[in-house]
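Numbering (the working numbering), first residue to last: 365 to 758.
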């Protein structure tokens, strides 16, 4: 890491990223269905739900959504997406992807895939100014939330893999929390128990999620999924932020965060956790800012590709996949993917954290206002128990 990086002035290259990213995204947009996207230029699936949600979100974030054709073409895309919703579960099919899905003969795996794709379909529809035809809940399977299933998932989940279980657990509790804020007061005890159970997996020695014996990339990514969700969606300040700041500075500087994974997600996850630390304290603030400057440089230099986007690994030549299913062959030349390019949103977070005004939006823009309008706020006891109380300002 650059020990004394200039944290006051943004690098000039950062001002050009938005244009390059927006242009690259159009190279993977479906010509037949504007607003749907494929994973990379050489993907043999013409579009899939996850890529489409990320492509639309990138354009929305960069104020370029008007480049997606409007009128009848967009209306047709919206209808196509809405037609993919399963009437029984409320989840979403991804028909072309499912033809290639490695576990398509396994009903449980297929249900899990469709549950996950409901998130992506919902994002895509909302960006296009529409909604699913019927409500769905990722925490249930019959069109209703299942709070007991959320608690069971947290209790029985594999916390030796905090990146995965942390994501599912935090999203499940977040969904219940938002429903409680909308009037489902019967869900309040489940939210409180879920939050308490999840935070019991925060390591007081590191501030991250999981035991210290786990790979560091798992610990920091679990922290991202839990702490990031709780901070920017619920407005919850978690404990042990000094320890988390120590981890961000130390393990980025010595490279140990990246020793066992070359995924673009890891520096992005470190950046968000460093920002969370800066929101609440001046502890090691200048070192955290220098860490953010170095992550921005690293993301651009390592994952930026000549085509204008970003790849999920340094090489950018591997066969790309979702959910264990390969949707492209390996390539002789580096090329970007929708996932790697979506990850460049970390540059916007870094700009927000450092106060760099280069017109680069953060994916968390407006989070304070959203949190301030929630009906409930979360408090933590000295023993780590979570409680919901009505927000006084409302």
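Every residue, glycine too, gets a C-beta built ideally from N, C-alpha and C.
Three-state secondary structure assigned by DSSP to residue i
i           : result
residue 393 : strand
residue 365 : Summary for residue 365: the model assigns pLDDT 48, below 50, so the residue's position carries little reliability; its value from the coordinates is reported in the next sentence. Residue 365 falls in the coil class under three-state DSSP.
residue 712 : helix
residue 691 : coil
residue 548 : coil
residue 414 : helix
residue 456 : strand
residue 686 : strand
residue 474 : helix
residue 469 : coil
residue 558 : helix
residue 566 : strand
residue 419 : helix
residue 586 : helix
residue 668 : strand
Top-ranked residue by Cα proximity to residue i, from the options
i           : options            : result
residue 730 : 595, 502, 371      : 595
residue 686 : 386, 392, 404      : 404
residue 380 : 668, 699, 695      : 668
residue 394 : 370, 522, 407      : 407
residue 492 : 498, 513, 429, 503 : 429
residue 704 : 372, 377, 419      : 419
residue 663 : 547, 725, 377      : 377
residue 571 : 650, 603, 696, 736 : 603
residue 654 : 624, 673, 616, 620 : 616
residue 658 : 534, 580, 714, 526 : 714
residue 678 : 627, 463, 732, 702 : 627
residue 426 : 522, 383, 728, 480 : 383
residue 671 : 530, 697, 575      : 697
residue 434 : 462, 446, 461, 397 : 397
residue 441 : 485, 562, 409      : 485
residue 562 : 535, 546, 370      : 535
residue 656 : 665, 632, 676      : 632
residue 445 : 469, 468, 414      : 414
7 angstroms Cβ cutoff, residue i in contact with chain B
i           : result
residue 618 : As a matter of chain content, chain B is missing from the structure shown, which is built from one protein chain.
Where the alpha helix (DSSP H) containing residue i begins and where it ends
i           : result
residue 647 : It is not in any alpha helix (DSSP H) - residue 647 carries neither H nor E in the DSSP assignment.
residue 743 : Residue 743 -> not in any alpha helix (DSSP H); beta strand (DSSP E) instead, spanning 740-744.
residue 443 : 436-447
residue 736 : 731-736
residue 511 : 511-520
residue 612 : 605-617
residue 400 : Where residue 400 is concerned, there is no enclosing alpha helix (DSSP H), given that its DSSP letter is neither H nor E.
residue 707 : 702-707
residue 600 : Looking at the DSSP string, residue 600 is not in any alpha helix (DSSP H), and its letter there is neither H nor E.
Residue i to residue j span [Cα, whole Å]
i           : j           : result
residue 568 : residue 607 : 7 angstroms
residue 629 : residue 544 : 31 angstroms
residue 749 : residue 560 : 5 angstroms
residue 549 : residue 512 : 15 angstroms
residue 374 : residue 597 : 28 angstroms
residue 689 : residue 645 : 43 angstroms
residue 652 : residue 684 : 33 angstroms
residue 412 : residue 639 : 32 angstroms
residue 367 : residue 519 : Because residue 367 carries a pLDDT of 46, less than 50, the predicted location of this residue cannot be relied on, and the following value inherits that uncertainty. Near 42 angstroms, if we compare the C-alpha coordinates of residue 519 and residue 367.
residue 618 : residue 541 : 38 angstroms
residue 487 : residue 399 : 12 angstroms
residue 401 : residue 746 : 47 angstroms
residue 421 : residue 620 : 31 angstroms
residue 365 : residue 601 : Bear in mind that the predicted position of residue 365 carries a pLDDT of just 48, short of 50, making it unreliable; the figure below should be weighed with that in mind. Residue 365 and residue 601: Cα-Cα distance of roughly 28 angstroms.
residue 537 : residue 649 : 31 angstroms
residue 556 : residue 738 : 16 angstroms
residue 466 : residue 474 : 10 angstroms
residue 472 : residue 479 : 10 angstroms
residue 416 : residue 733 : 28 angstroms
residue 453 : residue 757 : 37 angstroms
residue 409 : residue 574 : 36 angstroms
residue 521 : residue 579 : 18 angstroms
residue 554 : residue 515 : 7 angstroms
Other residues of its chain near residue i: CB distance less than 7 angstroms, five sequence neighbours each side excluded
i           : result
residue 495 : 489
residue 483 : 502
residue 634 : 584, 612, 616, 621, 659
residue 637 : 584, 587, 588, 591, 608, 612
residue 741 : 599, 753, 755
Residues near residue i by beta carbon distance below 6 angstroms, same chain, minus five either side
i           : result
residue 647 : 606, 609
residue 552 : 544, 752
residue 448 : 456, 457
residue 674 : 667, 668, 700, 704, 705, 708
residue 464 : 689
Boundaries of the beta strand (DSSP E) in which residue i is found, first to last residue
i           : result
residue 754 : 750-754
Chain-order list of residues whose beta-carbon lies under 8 angstroms from that of residue i (same chain, five-residue window excluded)
i           : result
residue 443 : none
residue 431 : 386, 390, 423
residue 451 : 498
Residue i: CB within 6 angstroms of a non-hydrogen atom of the ligand GTP
i           : result
residue 657 : Of the ligands one can find in the structure shown there are none, so the ligand GTP has no counterpart to examine.
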